Each structure stands twice: as structure tokens, then as C-alpha cells.
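Asks: The sequence shown lines up with residues 101 to 330 when you count with the numbering used here. No residue lacks a Cβ here, since even glycine has one placed at the ideal position from N, Cα and C. Keep in mind that this is a model prediction, so the values were computed, not measured.
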Amino acid sequence: MEDYNILDLKRIFLGSRSLVFLVEIILRTIIMYSYAIFLLRLFGKRGMGQFSNLELAIIISFGSAVGDPMIGAEMPIVYGLVCITTVALLQIGMEMVINKNPRLERIMEGKAVCLVRDGRIDIRALHRENLSVEDLFRKLRTQHITHLGEVEKAFFETSGEMTVVRYSSEKSRCGLSVLPEPLHVYHNTTVNQKGIYSCTACGFTRTFEREEHFPSCSCCASTGWVHAKK
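1) CA-CA distance, Lys253 and Glu209?
2) From Arg220 to Leu154, what does the alpha carbon distance come to, in whole angstroms?
3) Please list the terminal residues of the continuous beta strand (DSSP E) segment that includes Cys299.
4) Return helix, strand or coil for Met196, following the three-state DSSP convention.
5) Could you pull out every residue in the same chain whose Cβ sits closer than 7 Å to the Cβ of Met194, ignoring the five residues on either side in sequence?
6) So, with DSSP's three-state summary, where would you put Ser277?
7) Excluding the five sequence neighbours on either side, which residues of its own chain have a C-beta within less than 7 Å of the C-beta of Phe162, listed in chain order?
8) What is the residue span of the beta strand (DSSP E) that Phe256 lies within?
9) Would you call the stretch 237 to 246 in contact with the stretch 262 to 280, where contact means no fewer than 3 C-beta pairs closer than 8 Å?
10) Pick out whichever of Arg306, Tyr179, Ser232 and His247 has its Cα sitting closest to the Cα of Leu276.
11) Between Leu204 and Ile198, is the Cβ-Cβ spacing less than 8 Å?
12) Note down the Cα distance separating Ile245 from Lys329, rounded to an integer number of angstroms.
13) Along the chain, where does the beta strand (DSSP E) that runs through Thr305 open and close?
14) Under 8 Å, with one C-beta from each stretch per pair, do the stretch 114 to 129 and the stretch 175 to 182 reach the 3-pair mark?
15) On the CB-based measure, 16 or more other CB atoms within 10 Å of its CB, does Ala136 come out buried or exposed?
16) Nearest-angstrom Cα distance between Glu250 and Ser272?
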């Protein structure tokens with residue numbers, strides 16, 4: 101059996117490869133780091149939480165670079181140190197560059213998108229961000245919103261968080277409920293009670309007279325209507 105020395109510091113720190121291999125590690129790290137940012141930008145910001153693309157990329161890269169030398173006997177510590185250092189320098193360099201170049205920052209990080217304006221959902225913007233109406237409602241509920249009539253504007257930030265600009269209490273209006281509660285939906289029927297109703301798809305809200313027929317929504321062509329929440 102081959103002797104195995106757990107205190108062989110040369111093997112632990114440097115391994116058996118030539119030191120020139122460290123240059124290849126730097127190149128590999130740059131490629132994988134760049135690819136991680138590309139994928140994060142491609143997949144969008146839906147599940148990012150409070151992290152930016154660059155922050156997520158460095159977390160992923162650090163996790164791999166630190167973990168492998170910890171448990172891999174064949175992975176020298178120096179390789180991990182070179183990888184981590186390269187990622188950190190890339191991070192600093194990228195932040196310095198994008199902070200001076202707003203256009204590049206928009207390409208790398210994206211930009212805030214307005215999903216709700218004047219109590220109505222921008223369906224196209226919602227779909228571009230790969231979100232469902234329920235995803236939007238869930239985020240609004242975390243901001244203590246009960247219905248869209250309270251919302252002047254709601255922005256989906258580059259971090260994946262939602263920023264809500266509320267109407268003042270005097271300007272608040274009726275709107276589509278965002279609460280997970282059963283609502284009676286009216287489709288292609290006659291209004292049996294005068295009142296304010298909201299489109300179930302985009303939240304467009306208007307008053308209907310008794311005996312008036314529920315039309316398709318003038319904003320999104322949906323046919324579903326519910327009583328607006330006050």
C-alpha cells in the first residue's frame with residue numbers, strides 16, 4: 101500500500117502539477133464566472149431575492165472554489181485560493197466598470213420594470229418578466245397591499261424585489277383584490293347588481309349599471325369580472 105502522509109504540505113497546497121497550471125485556473129475561473137453571469141441574466145430576476153447578478157455570481161463561484169479544496173484530497177488548496185482571488189478581482193473590476201457605464205449596467209443587471217400603473221396590471225411586462233398574476237399578487241401582499249386600487253405604481257426591481265408606490269388614502273380607489281380568497285367571477289352575463297367591477301386579468305376597474313352586459317375588457321380583452329374591493 102502506498103504511504104499516505106496527511107502532513108504532506110506540498111501535496112496539500114500545491115499538488116503534483118506545475119505552477120503554470122495556476123494560469124489555466126485563472127482562465128477557467130474567468131470563463132465560468134462570465135458564464136454564470138450570462139445564465140443569471142438570461143434566466144431573469146424572478147428568484148433572485150435581494151441579490152444582484154454580480155452578487156449571485158460571486159456567491160456561486162465562491163461556494164465551488166471553497167468547497168472543492170475542503171473535501172477533495174486531489175484538489176490543492178492553492179488552486180482554490182487562486183480561484184477565489186480571481187473571482188474577487190473580477191467582481192471588483194466589474195463593479196468599477198458598470199458603475200461608470202450606465203448602459204453596461206443595464207445590460208448586466210437589467211432595469212426596474214413597472215408592472216402595475218394606476219391600479220392596472222401591465223400584462224405584457226408581467227409576461228416579459230416570466231411572472232404570473234399570482235406571483236405579482238404574492239409580492240404585493242408582502243407589501244401589505246390588499247387590492248390594486250391602493251397601488252399607483254409597482255416596480256419589479258433588478259434584485260427581484262417589489263417596490264410599491266401607494267396612493268394616498270384620499271386618492272385610493274376600488275380595485276382587484278390580491279388576497280387569496282374565493283371570488284365570484286362573471287363571464288358573458290348580465291349585471292344583476294349595479295356596482296364597481298374589476299377585470300380578473302389586468303385589474304381594469306369600472307362601474308356597471310344593472311342589466312348592463314359584461315363585455316370583454318377594453319384593456320386586455322379578458323371576459324372575467326369580479327366585484328372590486330373597496
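Replies: In short:
1) Position 153 of the sequence shown, counted from the start, is the residue given in the question as residue 253. Position 109 of the sequence shown, counted from the start, is the residue given in the question as residue 209. If you take the alpha carbons of Lys253 and Glu209, they lie about 21 Å apart.
2) Mapped onto the sequence shown, residue 220 falls at position 120. Mapped onto the sequence shown, residue 154 falls at position 54. Taking the straight line from one Cα to the other gives about 32 Å.
3) By one-based count along the sequence shown, residue 299 stands at place 199. Start and end: Gly295 to Cys299.
4) Taking the first residue of the sequence shown as 1, we reach residue 196 at position 96. Helix.
5) The count along the sequence shown starts at 1 and reaches residue 194 at position 94. If we look at Met194 and ignore the five residues flanking it on each side, its Cβ neighbours are Leu154.
6) Residue 277 sits at position 177 when you count from the first residue of the sequence shown. Note: Ser277 maps to strand in three-state DSSP.
7) Indexing the sequence shown from 1 puts residue 162 at position 62. Around Phe162: Ile184 and Val187.
8) Here residue 256 refers to the residue found at position 156 of the sequence shown. Residues Val251 to Phe256.
9) yes
10) The residue labelled residue 276 in the question sits at position 176 within the sequence shown. Of Arg306, Tyr179, Ser232 and His247, the residue nearest in Cα terms is His247.
11) Here residue 204 refers to the residue found at position 104 of the sequence shown. Here residue 198 refers to the residue found at position 98 of the sequence shown. Against a cut-off of 8 Å, the Cβ pair of Ile198 and Leu204 comes out as a contact.
12) Mapped onto the sequence shown, residue 245 falls at position 145. Mapped onto the sequence shown, residue 329 falls at position 229. About 12 Å.
13) Translated into positions along the sequence shown, residue 305 becomes position 205. Its beta strand (DSSP E) spans residues Thr305 to Phe308.
14) yes
15) For the purposes of this step, residue 136 is identified with residue 36 of the sequence shown, where counting begins at 1. Burial call: buried.
16) If you number the sequence shown from 1, residue 250 lands on position 150. If you number the sequence shown from 1, residue 272 lands on position 172. Answer to the nearest angstrom: the Cα atoms are 5 Å apart.
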